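> Quick one: structure below, then a few questions.
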Amino acid sequence: MSAVIYPSTNFKATEQLVIDRGEGVYVYDKQGKQYLEGMAGLWCTGLGYGNRELIDAISGQLSRMSFTHMFGGKTHQPGIDLANQLAAMVPVKDAKVFFGNSGSDANDTHIKLLRYYFNAIGRPGKRKIITRERAYHGVTVAAGSLTSLPANLAHFDSPLDALGILRTDHPHYYRGARTGETEAEFVARITANLEALIEREGADTIAAFIAEPITGASGVIVPPAGYYERVQAILAQHDILFWADEVITGFGRTGKLFGC
């Protein structure tokens, strides 16, 4: 038996599939059986396996400098160059980039940045975060608390109250619509619920609303037309930040640079 503790795995029911190598969009097990890697690893191998340009760039960097960091006044040119390229890609004036090691780490860091920001502008009471049912935002303590999938919350005693986590409807029309309800009526109802939640909790206590532009882990769900426009109008009215989790939808996966 392996010494590995595997994430999100039923150890009794699941026999581990050992992936041995990858090429292009395919991976192969130890018996040489080919599989189409539709998830691109965990959404991070979108340029394909065995990509020679990537291999050469990584090998060259390992030879020149295998590791350094950006703490305490240090930096490095590849990090600066990448940050500048990322900042130029997003539709935000004077965008800044803070690097993380994973989606979970990035979302944990975002919670810290939200608190830092509102403390800095003299509004420390704005700490709560609205997430949505069926959402997936990671597996660390904070990001896992933003996640709304039951299996991810069970048995961990996630500090939802300490983190100020609030939940609202997910825009899954197929699962959430009432009998005879049109998409427009569905959007109106669930966004009214969002506004009622904000009014009940107090807008001055809420920092941000987090959403995957297209929900991934719970079904690759595209919201109905008009949903995000209405959500953004409500958030702007109440001075609440919109937080887009683009781990799955970013960098061209929807046909555009980002899902938002």
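When we follow this note's numbering, the leftmost residue of the sequence shown carries the number 503, and every step to the right adds one. By construction, the Cβ of each residue, glycine as well, lies at the ideal position given by its N, Cα and C atoms. For clarity, every value in this text was computed on a predicted model and none was experimentally measured.
When you compare the CB positions of residue 640 and residue 666, do they come within less than 7 Å of one another, or not?
Against a cut-off of 7 Å, the Cβ pair of residue 666 and residue 640 comes out as no contact.
> Taking 7 Å as the cut-off, decide whether the C-beta atoms of residue 638 and residue 719 are in contact.
Closer than 7 Å, so yes.
> Throw me the rounded Cβ distance for the residue 715 and residue 746 pair, which I believe falls under 8 Å.
Residue 715 to residue 746, Cβ: 6 Å. Contact.
> Can you have a look at residue 708 and say buried or exposed, based on whether 16 or more other CB atoms are within 10 angstroms of its CB?
Under this definition residue 708 is a buried residue.
> From what residue to what residue does the alpha helix (DSSP H) around residue 668 run?
Residue 668 -> not in any alpha helix (DSSP H); beta strand (DSSP E) instead, spanning 667 to 670.
> Only counting the same chain, and skipping five residues up and downstream in sequence, which positions put a Cβ closer than 7 Å to that of residue 538?
Counting only Cβ-Cβ distances below 7 Å, and skipping sequence neighbours, we find 527, 528.
> Where residue 536 and residue 558 are concerned, what is the direct C-alpha to C-alpha distance, given to the nearest angstrom?
For residue 536 and residue 558, the distance between alpha carbons rounds to 25 Å.
> Measure the CB-CB distance between residue 698 and residue 740 and report whether it falls below 7 Å.
Not closer than 7 Å, so no.
> Checking 7 Å against the spacing of the C-beta atoms, do residue 723 and residue 674 come in under that value?
For residue 723 and residue 674, yes; Cβs fall inside 7 Å.
> Just list the alpha helix (DSSP H) runs in the segment 657 to 721, keeping only unbroken ones of 4 residues or longer that don't cross its boundaries, in chain order.
Those alpha helix (DSSP H) runs which fall completely within the segment 657 to 721 and span 4+ residues are 662 to 665, 675 to 678, 685 to 703.
> Over the uninterrupted beta strand (DSSP E) stretch that includes residue 743, give me the two end residues.
Residues 743 to 746.
> Enumerate, from N- to C-terminal direction, the unbroken alpha helix (DSSP H) stretches of 4 or more residues contained entirely within the segment 550 to 633.
Complete alpha helix (DSSP H) runs here, min 4: 554 to 566, 579 to 591, 605 to 622.
> Which first and last residues belong to the beta strand (DSSP E) in which residue 537 is found?
Counting along the chain, the beta strand (DSSP E) containing residue 537 begins and ends at 536 to 538.
> Can you give me the Cβ contacts of residue 549 inside the same chain, cut-off strictly under 7 Å, excluding the 5 residues immediately before and after it?
Same-chain partners within the cutoff: 556.
> Return helix, strand or coil for residue 732, following the three-state DSSP convention.
Here residue 732 sits in helix by DSSP.
> With residue 761 as the anchor, note down where its alpha helix (DSSP H) starts and where it stops.
Looking at the DSSP string, residue 761 is not in any alpha helix (DSSP H), and its letter there is neither H nor E.
> Sort out for me which residues DSSP pairs residue 523 with in a bridge.
Answer is 530, bridged to residue 523.
> Nearest by alpha-carbon distance to residue 578: which of 566, 651, 588 is it?
When each option's Cα is compared against that of residue 578, the closest is 566.
> Apart from the five residues on each side of it in sequence, which residues of its chain come closer than 6 Å, Cβ to Cβ, to residue 727?
Same-chain partners within the cutoff: there are none.
> Between the C-alpha atoms of residue 759 and residue 591, what's the straight-line distance to the nearest angstrom?
Residue 759 and residue 591: Cα-Cα distance of roughly 8 Å.
> Which word fits residue 752, buried or exposed, when buried means at least 16 other C-beta atoms lie within 10 angstroms of its C-beta?
By the 10 Å Cβ count, residue 752 comes out buried.
> Determine, using beta carbons only, whether residue 589 and residue 597 come nearer to each other than 7 Å.
Yes, they are a contact pair.
> Taking 7 Å as the limit between beta carbons, can you name the residues of its chain near residue 525, skipping five residues before and five after?
Hits under 7 Å: 551, 552.
> Who are the Cβ neighbours of residue 662 in its own chain at under 7 Å, not counting the five residues just before and after it?
For residue 662, where only same-chain residues beyond five positions count, the Cβ hits under 7 Å are 647.
> Going by C-alpha to C-alpha distance, which of 680, 633, 749, 621 sits closest to residue 669?
Of 680, 633, 749, 621, the residue nearest in Cα terms is 633.
> Taking only the alpha-carbon atoms, compute the straight-line gap between residue 623 and residue 614 and give it to the nearest angstrom.
Between residue 623 and residue 614, the C-alpha separation is close to 14 Å.
> For residue 610 versus residue 644, is the C-beta spacing smaller than 7 Å?
Yes, these two residues count as a Cβ contact at 7 Å.
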